[in-house]
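Below is one structure, written out as structure tokens, with a few remarks after it.
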Amino acid sequence: MKKLDVLGSKVTVKIKKIENPGVAAEFNHDTNTITIQPDDAQKYKSMLHELGHAYWHRAGLFQANRNTETEEIFCETFSHLIHDNIITLYQMFKKLERK
345 MKKLDVLGSK VTVKIKKIEN PGVAAEFNHD TNTITIQPDD AQKYKSMLHE LGHAYWHRAG
405 LFQANRNTET EEIFCETFSH LIHDNIITLY QMFKKLERK
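Under this note's numbering, think of the first position of the sequence shown as 345, with each following residue one higher.
Dropping the structure here:
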């Protein structure tokens with residue numbers, strides 16, 4: 345179990361079997377917990393998507409807009425932006441190490 349800070353709120357991340365079939369990860373805003381399936385091949389991307397949900401709720405966007413589709417688009421965009429930038433930074437550092 346790991347705790348992450350999302351806009352001043354501690355979010356617990358745990359890897360544990362989720363009983364809901366077809367779900368790779370889930371965010372529970374009542375307990376501020378992200379749960380990720382242990383066999384999820386894309387666990388880091390799933391975690392970033394769920395962190396998007398945590399950010400969405402913590403920033404108060406959930407109360408202002410209860411549109412699930414909008415929230416999912418936000419979370420997918422959030423996860424792709426963060427994931428792709430992490431990979432880009434990693435590749436940049438690898439190139440710098442070779443010089």
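All C-beta atoms in this analysis are idealised placements derived from N, C-alpha and C, irrespective of residue type, glycine included.
| task | For Ser390, count neighbouring C-beta atoms within 10 Å of its own C-beta (all shown protein chains included) and say buried if the count is 16 or more, exposed if not. | result | Here residue 390 refers to the residue found at position 46 of the sequence shown. Answer is buried; the Cβ neighbour count reaches 16.
| Just to confirm, does Thr377 get its C-beta within under 8 Å of one of the non-hydrogen atoms of the ligand MN? | No copy of the ligand MN appears in this structure; indeed no ligand is present at all.
| field | Those residues which DSSP pairs with Gly377 across a bridge | value | Residue numbering aside, residue 377 sits at position 33 when the sequence shown is read from its first letter. The sequence shown places Thr at residue 377, not Gly. Answer by DSSP bridge pairing, in chain order: Thr356 and Asn372.
| request: From the DSSP output, in three-state form, read off Asp349 for me. | output: Along the sequence shown, one-based indexing puts residue 349 at 5. In the structure shown, Asp349 sits in a strand (DSSP, three-state: E or B).
| request: Please report how far the alpha carbon of Cys419 lies from the alpha carbon of Thr379, in whole angstroms. | output: In the sequence shown, residue 419 corresponds to position 75, counting from 1. In the sequence shown, residue 379 corresponds to position 35, counting from 1. Approximately 16 Å between the Cα atoms of the pair.
| request: Count the other CB atoms, across all protein chains shown, that sit within 10 Å of the CB of Ala398; report buried if there are 16 or more and exposed otherwise. | output: Counted from its first residue, the sequence shown places residue 398 at position 54. Buried: at least 16 other Cβ atoms inside 10 Å.
| message | So for Glu363, helix, strand or coil by DSSP? | response | To locate residue 363, count along the sequence shown from 1; it is residue 19. Residue state, collapsed to three classes: coil.
| From what residue to what residue does the alpha helix (DSSP H) around Asp428 run? | The residue labelled residue 428 in the question sits at position 84 within the sequence shown. Thr412 to Arg442 is the span of the alpha helix (DSSP H), which, as asked, contains Asp428.
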